[in-house]
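Participant:
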Amino acid sequence: TVGCVALDSNGHVASGTSTGGICGKYKGRIGDTPQLGSGGYSDDNVGAVSTTGYGEAIMRYNLAHRILSRMDSGIDAQNATKSVVDGMTARTKKTAGAITLSKLGDVGISFSSKRMAWAFVKDGELHYGIEQGQHEVEKL
Amino acid sequence: VSPVILVHGGAGDIPDSGVQEKIDGVKQSALVGYKVLCETGLVLDAIEASINIMEDLEGFNAGRGSVLTLTGEVEMEALITEGKDLNAGAITLAKNIRYPISVARKVMEQTPHTFLGGAGLEDFIKKSNIPRVGDDWLITDRAKDALEKFKQQGANHTEAATEIGKRPGDVG
Chain A
88 TVGCVALDSN GHVASGTSTG GICGKYKGRI GDTPQLGSGG YSDDNVGAVS TTGYGEAIMR
148 YNLAHRILSR MDSGIDAQNA TKSVVDGMTA RTKKTAGAIT LSKLGDVGIS FSSKRMAWAF
208 VKDGELHYGI EQGQHEVEKL
Chain B
721 VSPVILVHGG AGDIPDSGVQ EKIDGVKQSA LVGYKVLCET GLVLDAIEAS INIMEDLEGF
781 NAGRGSVLTL TGEVEMEALI TEGKDLNAGA ITLAKNIRYP ISVARKVMEQ TPHTFLGGAG
841 LEDFIKKSNI PRVGDDWLIT DRAKDALEKF KQQGANHTEA ATEIGKRPGD VG
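So the protein lines, in turn, are chains A and B. Residue numbers for the first sequence follow the numbering used here, so the first one is 88 and each next one is one higher. Residue numbers for the second sequence follow the numbering used here, so the first one is 721 and each next one is one higher.
Okay, structure coming up:
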């Protein structure tokens with residue numbers, strides 16, 4: 088699965104998620120990716136989210152919408168993303184990851200899986216990582 | 721506010737051999753998307769451009785390089801959402817298209833519907849003259865190998881590999 092969230096200079100947010108699904112899936116199986124509130128969600132009043140991971144758990148937990156709901160209650164993007172991803176894993180015993188942008192451009196990145204590749208560009212810097220806790224920065 | 725673009729390339733047990741390819745891909749995707757965002761100011765154009773990059777890279781599970789069903793087919797899914805008016809477009813069980821996210825955007829912008837799949841999606845793809853790509857583009861040797869490995873692992877379990885819900889494959 089791949090995903091993207093973005094914020095433009097007018098304060099508009101959007102998200103996109105695209106996937107081939109799960110290897111060896113049953114023909115006709117539909118996952119979390121295309122489902123609103125699971126694979127992604129955007130609201131200019133709050134922010135945008137794209138998710139990845141174990142689809143059956145993500146859709147049952149409504150991962151993307153839960154993250155935005157937590158942000159709407161005043162939690163920052165990083166803490167909202169981490170607490171909800173961890174909450175899903177604690178509840179379902181399955182792993183996931185999510186990327187989040189707030190309406191002000193604050194970044195949230197979290198994953199309960201072994202790895203998740205991510206990158207963002209903000210204020211003339213390229214940030215990226217793939218391991219837990221890794222955060223590299225390159226000046227553009 | 722300053723424009724920002726943030727991408728992911730999938731979460732899971734990514735092997736050591738795939739780490740650099742994933743990092744290179746997400747960096748390229750973010751840089752291309754940021755350039756589009758700055759040049760056009762259009763957030764949807766940036767999202768689409770970023771994801772198109774990863775849909776073309778076989779190291780990512782989307783577009784070219786998508787994993788296979790038990791019967792060896794590619795069935796792709798995509799969702800695009802817009803925060804301004806809470807608009808969205810989604811597709812599922814998509815076959816033989818290069819850029820699923822671009823088709824999801826067309827569903828959002830060119831139809832009164834939000835989510836298309838199956839025969840309706842096929843009809844929309846044909847009526848919209850969306851170019852088709854063959855399995856020779858979408859299905860990679862890596863995806864074939866992964867399916868074979870999955871089936872072999874399934875044969876070692878008491879449940880049949882074809883039984884729904886018994887043997888989930890690698891995660892997104």
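The beta carbon of each residue, even a glycine, is placed where N, CA and C say it ideally should be.
1. Any C-beta of chain B sitting closer than 8 angstroms to the C-beta of serine 156/A?
2. Using a Cβ cut-off of 8 angstroms (strictly closer), state whether histidine 99/A contacts chain B.
3. Would you mind listing the beta strand (DSSP E) stretches within the stretch 176-227 of chain A that are 3+ residues and don't spill past its ends, in chain order?
4. With DSSP as the reference, please indicate the residues paired to phenylalanine 780/B in a beta bridge.
5. Per DSSP, histidine 728/B is paired with what?
6. For my contact list, tyrosine 148/A and threonine 179/A are in at a C-beta cut-off of 8 angstroms; report their separation, rounded to the angstrom.
7. Among Ile743/B, Ser770/B and Gly745/B, which residue has its Cα nearest to the Cα of valine 756/B?
8. Return the chain-ordered list of same chain residues with a C-beta closer than 7 angstroms to the C-beta of isoleucine 743/B, the five sequence neighbours on each side being excluded.
9. Would you tell me roughly how many angstroms separate the C-alpha atoms of threonine 106/A and histidine 152/A, rounded to the nearest one?
10. Please name the residue, chosen from Tyr215/A, Ala185/A and Gln165/A, that lies closest to threonine 88/A on a Cα-to-Cα basis.
11. Between valine 172/A and glutamate 218/A, what straight-line distance do the alpha-carbon atoms span, to the nearest angstrom?
12. Establish whether the CB of glutamate 829/B and some CB of chain A are separated by less than 8 angstroms.
13. On the three-state DSSP scale, how would you describe lysine 847/B?
14. I believe serine 822/B touches asparagine 772/B by the beta-carbon criterion, under 8 angstroms. Please report the beta-carbon distance rounded to the nearest angstrom.
15. Quick one: Cα of valine 746/B to Cα of histidine 728/B, how far?
16. Give the straight-line distance between the Cα atoms of valine 224/A and glutamate 212/A, rounded to the nearest whole angstrom.
17. Checking the sheet assignment: what are the DSSP bridge partners for serine 105/A?
18. In the DSSP output, which residue or residues are listed as bridge partners for leucine 836/B?
19. Drop a sphere of 10 angstroms on the beta-carbon of valine 861/B, count the other beta-carbons inside from all chains shown, and report buried for 16 or more, exposed for fewer.
Facilitator: With the structure as the only source:
1. Among the CB atoms of chain B, none fall inside 8 angstroms of the CB of serine 156/A.
2. Among the residues facing chain B, histidine 99/A is included, as its CB has a counterpart in that chain under 8 angstroms away.
3. Correct list: 183-189, 194-198, 202-209, 212-218 and 223-226.
4. In the DSSP assignment, phenylalanine 780/B is bridged to no other residue.
5. Per DSSP, the beta-bridge partners of histidine 728/B are Gly90/A and Trp205/A.
6. Contact flag correct, Cβ pair sits at about 6 angstroms.
7. The shortest Cα separation from valine 756/B among Ile743/B, Ser770/B and Gly745/B belongs to Ser770/B.
8. Taking C-beta separations shorter than 7 angstroms and ignoring five residues to either side along the sequence, isoleucine 743/B has no partners in its chain.
9. Near 19 angstroms, if we compare the C-alpha coordinates of histidine 152/A and threonine 106/A.
10. Ranking the options by Cα distance to threonine 88/A, first place goes to Ala185/A.
11. Cα to Cα, valine 172/A sits roughly 16 angstroms from glutamate 218/A.
12. Look at glutamate 829/B: its C-beta is not under 8 angstroms from any C-beta on chain A.
13. Looking at lysine 847/B - three-state DSSP - the assignment turns out to be helix.
14. Right, the Cβ-Cβ distance comes to about 7 angstroms (below 8 angstroms), so this counts as a contact.
15. Straight-line Cα distance between these residues: approximately 6 angstroms.
16. In this model, valine 224/A and glutamate 212/A are separated by some 7 angstroms (Cα to Cα).
17. By DSSP's assignment, serine 105/A forms a beta bridge with Val89/A and Ala798/B.
18. Residue pairing by DSSP places leucine 836/B opposite Ile811/B in a beta bridge.
19. At residue 861/B the sequence reads aspartate, which differs from the valine that was named. Exposed: under 16 other Cβ atoms inside 10 Å.
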